[in-house]
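Please read the structure below before turning to the comments.
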Amino acid sequence: MKSRQPGVLTAIALCLGTLFAAVPVALHAQQIKIATGDGPQHDGVKAMQAWAVSLGERSGGKVTGRVFPQTLLSIKEITGGLRDGVADLGLVVHPYHPAEFREANFIADFSLFAKSNPAAAGAATEYIFTCKDCMDEMRRNGHVYLGNIANYPYNLLTKKPITRPEQLKGMKIRSGGDAWGRWIEGMGGVKMSISAPDAYQALSQGVLDAHTHSVGSLVDQSLADVVKHVTDMPLGVYLGASMDYSAKNWAGLSPEARKAILDMAPYLLSRYVTNLIVAAQNVRGKLGQLKVSVHAPSPELVAASEAFLRKDKKTIVELAAKNAGLKNAPEKADRFIALLAKWEKLTAGMPVDYQKLGDLYQREIFAKQDPSTFQ
């Protein structure tokens with residue numbers, strides 16, 4: 049057998065050396081799979097996509113992300129999918145999993161007490177990060193908690209005009225969680241547990257008469273096709289969803305990748321929150337074009353809703369202790385209500401700017417986390 053010429057071996061070595069030297073980023077880049085149960089037209093999904101791009105830019109290409117809207121996992125599959133490592137990061141909706149997220153669902157029960165989504169997301173995120181029982185719960189489910197998102201304040205979206213409390217009697221109304229379910233029943237309506245993505249079909253088929261959601265959903269979920277009236281009364285802010293990372297996959301990230309994701313997490317929350325504000329404000333500006341009418345609630349309807357809320361805090365605490373076995377529920381309730389007030393002050397008068405809101409979340413919450421031990 050003839051031996052290879054030294055010149056040939058040298059050339060091969062040089063080619064290989066050049067090849068590997070040219071792709072160090074590719075060899076070490078980590079792309080994360082981001083799952084959401086909302087469709088690609090949803091403004092929250094657009095926020096997640098923009099964040100994935102900025103994650104790649106801020107990390108110098110070492111960590112990139114790809115968002116899978118309704119394709120990798122359904123909205124109810126994300127919790128288990130993160131636990132099993134099918135997805136890396138996902139939008140988890142806690143009320144779909146009452147047994148797994150008793151602590152997180154406790155604050156979701158206070159959704160009707162929240163007034164704005166920047167404050168609600170900040171209060172919920174600070175509460176969970178500083179609640180040992182909550183963080184232990186996340187770890188038991190195989191999740192690394194990265195903060196709560198919060199929708200634009202809810203209104204009542206209806207197929208016929210609603211302004212008075214007696215008009216709610218017997219109405220089939222989609223409930224976004226236990227908080228709205230209690231409100232619906234307290235107002236004499238019939239609560240319907242249907243996922244948000246299925247609300248369009250339920251409304252079009254007469255399964256639902258009304259829906260508790262933000263006006264932004266008239267466009268991003270096409271609900272303006274099937275509901276033509278908005279009762280313009282505040283119905284709280286959804287507090288039952290968080291951005292969680294798969295603990296299984298988090299352990300496999302490099303320290304640099306974990307730090308990059310944790311550093312960028314507050315801006316994922318702030319992008320989501322501000323995108324929904326802008327979307328809702330834009331929709332409000334074109335309700336006439338959508339042929340959707342806005343109705344002010346009567347003083348009697350406002351009074352009935354306020355009377356319900358005055359009783360509901362006690363109900364929430366009693367149910368949490370009795371049904372979920374939650375420890376120290378009264379103290380936890382008081383702490384969360386105080387955090388809502390704190391964050392309303394912190395965010396009062398802030399412009400709709402994801403960078404400034406993210407900076408606030410970073411300063412008040414995320415800067416206190418240690419990336420080297422965070423899990």
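Numbered per the numbering used here, the sequence shown spans residues 49 to 423. C-beta atoms are modelled at their ideal positions from N, C-alpha and C, and glycine is treated no differently.
1. Between the alpha carbons of Ala83 and Val115, how many angstroms are there, rounded?
2. Please classify Gly236: does DSSP put it in a helix, a strand, or coil?
3. Output the distance between the C-alpha atoms of Leu374 and Val274, rounded to the nearest integer angstrom.
4. Under a Cβ-count criterion, where at least 16 other Cβ atoms within 10 Å of its own Cβ denotes burial, should Thr322 be classed as buried or exposed?
5. Rounding to the nearest angstrom, what Cα-Cα distance links Arg319 and Gly92 in this structure?
6. When the Cα atoms are used, what is the spatial distance from Gly336 to Pro245?
7. Is the Cβ-Cβ distance between Pro303 and Phe414 less than 7 Å?
8. Just to confirm the assignment, what range does the alpha helix (DSSP H) spanning Thr395 have?
9. Please say whether Asn199 and Tyr286 have beta carbons closer to each other than 7 Å?
10. Pro378 to Tyr402, Cα distance in whole Å?
11. Rounded to whole angstroms, how far is the Cβ of Pro100 from the Cβ of Thr112, which I believe are closer than 8 Å?
12. First and last residue of the alpha helix (DSSP H) that includes Lys163?
13. DSSP three-state call for Asp184: helix, strand or coil?
14. Starting from the Cα of Gly284, find the closest Cα among Pro146, Arg106, Leu160, Trp298 and give me that residue.
15. Entirely within the region 250-298 and at least 4 residues each: give me those alpha helix (DSSP H) ranges in chain order.
16. Hey, how far is the Cα of Leu301 from the Cα of Leu316?
17. Mark Ser223 as exposed unless 16 or more other C-beta atoms lie within 10 angstroms of its C-beta, in which case mark it buried.
18. Can you check DSSP and say which residues form a bridge with Pro245?
19. Which of the three DSSP states, helix, strand or coil, is assigned to Tyr202?
20. Rounded to whole angstroms, how far is the Cβ of Val141 from the Cβ of Ile123, which I believe are closer than 8 Å?
21. Report the residue from Arg358, Asp382, Gln417, Ser294 whose alpha carbon sits nearest the alpha carbon of Gly128.
By the coordinates alone:
1. 6 Å
2. coil
3. 40 Å
4. Classification for Thr322: buried.
5. 8 Å
6. 24 Å
7. no
8. 377-395
9. yes
10. 34 Å
11. Residue identity check: residue 100 is Ala in the sequence provided, not Pro. Confirmed, Cβ separation roughly 7 Å.
12. Run containing Lys163: none; DSSP gives neither H nor E here.
13. helix
14. Leu160
15. 265-268, 295-298
16. 19 Å
17. buried
18. Under DSSP, Pro245 shares a beta bridge with no residue.
19. In the displayed model, Tyr202 falls within coil according to three-state DSSP, outside both helix and strand.
20. 6 Å
21. Ser294
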